[in-house]
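Peer 1:
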Amino acid sequence: MSLFTLNEVKKTFTIGEVKEEILKGVNLSLREGEVTALVGASGSGKSTLLTIAAGLQSASNGQVIFEGNNLSQMEEEGIRKIRANHFGFIFQFAHLVPFLTVEEQLLLMLDVSESKLKKHEQKSEVNRILQVVGMEHRKQAYPSSLSGGEKQRVAIARAIIHKPKVLFADEPTASLDSKRSKDVMALIREITKTLNITTLVVTHDEEMLVFVDHIIKMSDGLIVQHS
Amino acid sequence: MNLAFKEIKRNKVRFLILGSIVFLVSLLTFIISGLANGLSQDNASLIKDLPEGQFYMNDDAEETYTLSRIDSSLQDELLTNYKDATALSIQMGILNNHNGKQQSVVFVASTESKNFKDVKDGEIILDQSMEEKGINVGDTLTNPQFSGEFTVKGFVDQTKFSHAAVAFINIENYKEIYRVNEMQLVFVPKDNSPQEISGLQSFSKHEFLKTIPSFNAEQMTLNMIVWFLVVISGMLFAIFFYMMNVQKIGLFGILKAIGLKTSRLFTIMWTQMIFITITSLALSIAISQGFNLIAPEGMPFSLTIETTMNLSVVFLVIGFIGTTIASLQIKKIEPLQAIQQGEI
Numbered sequence: 001m002s003l004f005t006l007n008e009v010k011k012t013f014t015i016g017e018v019k020e021e022i023l024k025g026v027n028l029s030l031r032e033g034e035v036t037a038l039v040g041a042s043g044s045g046k047s048t049l050l051t052i053a054a055g056l057q058s059a060s061n062g063q064v065i066f067e068g069n070n071l072s073q074m075e076e077e078g079i080r081k082i083r084a085n086h087f088g089f090i091f092q093f094a095h096l097v098p099f100l101t102v103e104e105q106l107l108l109m110l111d112v113s114e115s116k117l118k119k120h121e122q123k124s125e126v127n128r129i130l131q132v133v134g135m136e137h138r139k140q141a142y143p144s145s146l147s148g149g150e151k152q153r154v155a156i157a158r159a160i161i162h163k164p165k166v167l168f169a170d171e172p173t174a175s176l177d178s179k180r181s182k183d184v185m186a187l188i189r190e191i192t193k194t195l196n197i198t199t200l201v202v203t204h205d206e207e208m209l210v211f212v213d214h215i216i217k218m219s220d221g222l223i224v225q226h227s
Numbered sequence: 001m002n003l004a005f006k007e008i009k010r011n012k013v014r015f016l017i018l019g020s021i022v023f024l025v026s027l028l029t030f031i032i033s034g035l036a037n038g039l040s041q042d043n044a045s046l047i048k049d050l051p052e053g054q055f056y057m058n059d060d061a062e063e064t065y066t067l068s069r070i071d072s073s074l075q076d077e078l079l080t081n082y083k084d085a086t087a088l089s090i091q092m093g094i095l096n097n098h099n100g101k102q103q104s105v106v107f108v109a110s111t112e113s114k115n116f117k118d119v120k121d122g123e124i125i126l127d128q129s130m131e132e133k134g135i136n137v138g139d140t141l142t143n144p145q146f147s148g149e150f151t152v153k154g155f156v157d158q159t160k161f162s163h164a165a166v167a168f169i170n171i172e173n174y175k176e177i178y179r180v181n182e183m184q185l186v187f188v189p190k191d192n193s194p195q196e197i198s199g200l201q202s203f204s205k206h207e208f209l210k211t212i213p214s215f216n217a218e219q220m221t222l223n224m225i226v227w228f229l230v231v232i233s234g235m236l237f238a239i240f241f242y243m244m245n246v247q248k249i250g251l252f253g254i255l256k257a258i259g260l261k262t263s264r265l266f267t268i269m270w271t272q273m274i275f276i277t278i279t280s281l282a283l284s285i286a287i288s289q290g291f292n293l294i295a296p297e298g299m300p301f302s303l304t305i306e307t308t309m310n311l312s313v314v315f316l317v318i319g320f321i322g323t324t325i326a327s328l329q330i331k332k333i334e335p336l337q338a339i340q341q342g343e344i
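Taken in order, these protein sequences are the chains called D and C.
Letter by letter, the first sequence follows residues 1 to 227 of the UniProt record's numbering.
Letter by letter, the second sequence follows residues 1 to 344 of the UniProt record's numbering.
Below, the structure written as structure tokens:
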């Protein structure tokens, strides 16, 4: 079932007097429980497409429909609520809050998403998710004492702790070595299937494509191949 | 989750340094302000400690009280018509002790009044600083222009004029020393509306202080020092709080990306600013008030709680402005911009 739809999405940037069209009318549907990968050369528009879909920037034209809501026409506060409650984010870097422990990073996300869970239930949920990502033994650690792979696992845990409907991952393995990259991608796939999440991943690493259900190839601001 | 205090707890050194700067700068301002107020008290506590009211001096005196002579009949009329009115004179002079050692004083003589010491013929009441110079109750003092002797009856706390100790003497003794029959001034307490009296010019307490030679120039200089210090300290606070928050733009951008409300980011910044400022100010208030109690006797230092509180409010407001200016930068930041900046 399609949860997320992009219709004729265009994005134009103006640099000085020059207008550059990064997206030239993209149509895309994402389904629950599936991992979709956006691939393409640098400058093809894949990261721009992901950030527009995630409500992190607006489209110049077109519609971004999530559960019947058109994000393109929503106020900033409405988009923020959708981001907080229904979207999860994994970036190229973990972007963890430096002064919070691993456990607190996850509790903060539950707080941001206005979780209805009681305090002790929140702690149980944090423990459960940390087990899923294999980080329960480091829950009192601060980001400065974690390795790159561990940080990214915590970032994944933070992205899914509030049970989002859509998971956006922008080059989640770019800062990791080959083995850790495969571990992280396998984890994203496993979580997508287990929690029935819709996942959109931007990657330039072809080795990671074995972990996805669909591959969308972009070139020059357009989808050129869908497999 | 209280992010403001979690960050302070995790980055103790950074916040301690910022707090120390606020503490040291505010302490410097309080101490300089105390010294300025102390000098001001040293110059005119005789007048400053009087209740609000009006001073009247002769029109012809051209706002110089030493040149003023109020006609005796007019003085009697004023003392009859205005409740608690007092006629008084203030003149620089000297006193000699039994060893012949000279001390500069300001002789003050007044008609009966609860605002000035009632002194009998041949008696003298001195500012406490004279006791520290070795004069005791019962000592006899002389003046070259006075035929008799003054017997010290007691001392009064911090009563100075033009940086000299005040010596309250009887009116008749004053008239003998200065060979005058008229008094210089009439003071009407609790009278905030100046009366039109023919031949007299009225001054509020504040206006009268300005007529004291050197007081105005000295106060302007001291006030300039204090306010320049307040403005520079305030700007320093504002800049520090601004820098502290602007450095966290990347972090705040990520927090916005995951859905944290901008208002909550503002709350984090304001909470930290208020916590650091209040803690640092409390410490500098305690130390400056402690210094107020133990300041060396000869040092003119006067720092009231009211002055300290007023300065503290100024610092809090300026700190708040600095933080709010940084908040406006945070409000403008796009989450995407923070993500693209790389690792925090």
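For glycine and all other residues, C-beta sits at the position ideal for the given N, C-alpha and C.
(1) Return the chain-ordered list of same chain residues with a C-beta closer than 6 Å to the C-beta of D/GLY25, the five sequence neighbours on each side being excluded.
(2) Which ranges would you report for the alpha helix (DSSP H) in the UniProt domain "ABC3 transporter permease C-terminal" (224-335) of chain C if only whole runs of at least 4 residues count?
(3) Scan the segment 71-82 of chain D for residues whose Cβ lies nearer than 7 Å to a Cβ of chain C and list them as they occur along the chain.
(4) Among C/LEU18, C/ILE249, C/PRO296 and C/PRO144, which one has its Cα closest to the Cα of C/LYS332?
(5) Which residues in chain D sit within 7 Å of C/ARG14, going by Cβ to Cβ distance?
(6) Inspect the beta-carbon positions of D/ILE82 and D/PHE66 and report whether they are closer than 8 Å.
(7) According to DSSP, is C/VAL13 helix, strand or coil?
(8) Let me confirm a value: C/LYS120 is counted as buried when at least 16 other C-beta atoms fall within 10 Å, else exposed. Which label applies?
(9) Ends of the beta strand (DSSP E) at D/ASN27?
(10) Would DSSP call D/LYS165 helix, strand or coil?
(11) On the premise that C/PHE30 lies in contact with C/LEU311, defined as a C-beta separation below 8 Å, what is that separation, rounded to the nearest angstrom?
(12) Taking D/PHE99 as the reference, give the member of C/ALA36, C/TRP270 and C/GLU7 with the closest Cα.
(13) Please classify C/THR140: does DSSP put it in a helix, a strand, or coil?
(14) Is there contact between the segment 59-75 of chain C and the segment 194-205 of chain C, where contact requires at least three CB pairs shorter than 8 Å?
(15) Could you tell me whether the Cβ of D/SER147 comes closer than 8 Å to any Cβ of chain C?
(16) My output table needs one value for residue 252 of chain D: the three-state DSSP class, helix, strand or coil.
(17) Quick one: which residues of the segment 96-124 of chain D get their C-beta closer than 8 Å to a C-beta of chain C? List them in chain order.
(18) Roughly how many angstroms separate the alpha carbons of D/TYR142 and D/LYS151, rounded to a whole number?
(19) Is the segment 272-283 of chain C touching the segment 120-138 of chain D in the sense that three or more CB pairs, one from each, lie closer than 8 Å?
(20) Any Cβ of chain D within less than 8 Å of the Cβ of C/ILE268?
(21) At which residue ranges does the segment 71-131 of chain C contain complete alpha helix (DSSP H) runs of 4 or more residues, listed in the order of the chain?
(22) Count the CB pairs spanning the segment 309-324 of chain C and the segment 259-275 of chain C that are closer than 8 Å, and state whether there are at least three.
(23) State the CB to CB distance for the pair C/ASN173 and C/PHE146, rounded to an integer number of angstroms; the pair is presumed to be in contact (CB under 8 Å).
(24) Is C/SER40 near the ligand NAD, in the sense that its beta carbon is under 7 Å from a heavy atom of that ligand?
(25) If you measure from the beta carbon of residue 349 of chain C to each beta carbon in chain D, is any gap under 8 Å?
(26) Give me, in chain order, the residues of the same chain whose beta-carbon lies closer than 8 Å to that of C/GLN289; leave out the 5 immediate sequence neighbours on both sides.
(27) For C/ILE268, tell me which candidate among C/GLU297, C/LEU27, C/GLU182 and C/PHE241 has the shortest Cα-Cα distance.
(28) Could you please tell me which residues of the segment 215-248 of chain C, in chain order, have their CB closer than 8 Å to any CB of chain D?
(29) Measuring alpha carbon to alpha carbon, tell me which of D/LEU209, D/SER124 and D/LYS217 ends up nearest D/VAL35.
(30) So, does the CB of C/GLY290 fall closer than 8 Å to a CB anywhere in chain D?
(31) What separation, rounded to the nearest whole angstrom, lies between the Cα atoms of D/VAL126 and D/ILE161?
(32) Establish whether the CB of C/GLY19 and some CB of chain D are separated by less than 8 Å.
(33) Are the segment 197-206 of chain D and the segment 111-131 of chain D touching, with three or more C-beta to C-beta distances below 8 Å?
(34) Taking 8 Å as the limit between beta carbons, can you name the residues of its chain near D/GLU206, skipping five residues before and five after?
(35) Can you give the Cα-Cα distance for C/ALA326 and C/ASN245, rounded to whole angstroms?
(36) So, does the CB of residue 360 of chain C fall closer than 8 Å to a CB anywhere in chain D?
Peer 2: According to the structure shown:
(1) For the purposes of this step, residue 25 of chain D is taken as residue 25 along the first sequence, with counting starting at 1. So the list reads GLU8 and LYS10, once near-sequence residues are dropped.
(2) 249-257, 262-294 and 305-332
(3) ARG80
(4) By one-based count along the second sequence, residue 332 of chain C stands at place 332. Nearest of C/LEU18, C/ILE249, C/PRO296 and C/PRO144 to C/LYS332, Cα basis: C/ILE249.
(5) Taking the second sequence and counting its residues from 1, the one referred to as residue 14 of chain C is at position 14. By Cβ distance, chain D contributes nothing, its closest Cβ being about 10 Å from C/ARG14, past 7 Å.
(6) As a working mapping, residue 82 of chain D is identified with position 82 in the first sequence. As a working mapping, residue 66 of chain D is identified with position 66 in the first sequence. Yes, these two residues count as a Cβ contact at 8 Å.
(7) Within the second sequence, the letter at position 13 stands for residue 13 of chain C. Helix, per DSSP.
(8) Stepping through the second sequence from its first residue, residue 120 of chain C is reached at position 120. It counts as exposed.
(9) Taking the first sequence and counting its residues from 1, one reaches residue 27 of chain D at position 27. It spans 18-31 - the beta strand (DSSP E) in which D/ASN27 sits, taken as one unbroken run.
(10) Position 165 of the first sequence, counted from the start, is the residue given in the question as residue 165 of chain D. Three-state DSSP puts D/LYS165 in coil, outside helix and strand.
(11) On the second sequence, residue 311 of chain C is found 311 positions in, with the first residue counted as 1. On the second sequence, residue 30 of chain C is found 30 positions in, with the first residue counted as 1. Sure, about 7 Å apart at Cβ, within 8 Å.
(12) The sequence position of residue 99 of chain D within the first sequence is 99, counting from 1. It is C/GLU7 whose Cα lies nearest to the Cα of D/PHE99.
(13) If you number the second sequence from 1, residue 140 of chain C lands on position 140. It is a strand residue.
(14) yes
(15) On the first sequence, residue 147 of chain D is found 147 positions in, with the first residue counted as 1. Not closer than 8 Å to any Cβ of chain C, the Cβ of D/SER147 fails to qualify, so no.
(16) Nothing in the structure corresponds to residue 252 of chain D, since chain D is present only between 1 and 227.
(17) LEU96, VAL97, PRO98, PHE99, LEU100, GLU104, LEU107, LEU108, MET109, ASP111, VAL112 and SER113
(18) Stepping through the first sequence from its first residue, residue 142 of chain D is reached at position 142. Stepping through the first sequence from its first residue, residue 151 of chain D is reached at position 151. Cα to Cα, D/TYR142 sits roughly 10 Å from D/LYS151.
(19) no
(20) Looking up residue 268 of chain C in the second sequence gives position 268. Chain D contact via Cβ: absent.
(21) 72-81
(22) yes
(23) Taking the first residue of the second sequence as position 1, residue 173 of chain C is located at position 173. Taking the first residue of the second sequence as position 1, residue 146 of chain C is located at position 146. About 6 Å separates the two Cβ atoms, so the contact holds.
(24) Looking at this structure, you won't find the ligand NAD or any other ligand, since it has none at all.
(25) Residue coverage of chain C in this structure runs from 1 to 344, which leaves residue 349 of chain C outside it and unanswerable.
(26) Here residue 289 of chain C refers to the residue found at position 289 when the second sequence is read from its first residue. Correct list, in chain order: LEU303, ILE305 and THR308.
(27) The count along the second sequence starts at 1 and reaches residue 268 of chain C at position 268. Nearest option by C-alpha distance: C/PHE241.
(28) none
(29) For the purposes of this step, residue 35 of chain D is identified with residue 35 of the first sequence, where counting begins at 1. Ranking the options by Cα distance to D/VAL35, first place goes to D/LEU209.
(30) Mapped onto the second sequence, residue 290 of chain C falls at position 290. It does not: the Cβ of C/GLY290 has no partner Cβ on chain D nearer than 8 Å.
(31) Here residue 126 of chain D refers to the residue found at position 126 when the first sequence is read from its first residue. Here residue 161 of chain D refers to the residue found at position 161 when the first sequence is read from its first residue. Their backbone Cα atoms lie some 7 Å apart in a straight line.
(32) Working through the second sequence from its first residue, we reach residue 19 of chain C at position 19. No, C/GLY19 does not count as interfacial toward chain D.
(33) no
(34) Position 206 of the first sequence, counting from 1, holds the residue named residue 206 of chain D. Correct list, in chain order: VAL39.
(35) As a working mapping, residue 326 of chain C is identified with position 326 in the second sequence. As a working mapping, residue 245 of chain C is identified with position 245 in the second sequence. Taking the straight line joining both Cα atoms gives about 6 Å.
(36) Since the first residue shown for chain C is 1 and the last is 344, residue 360 of chain C is missing from the structure and cannot be characterised.
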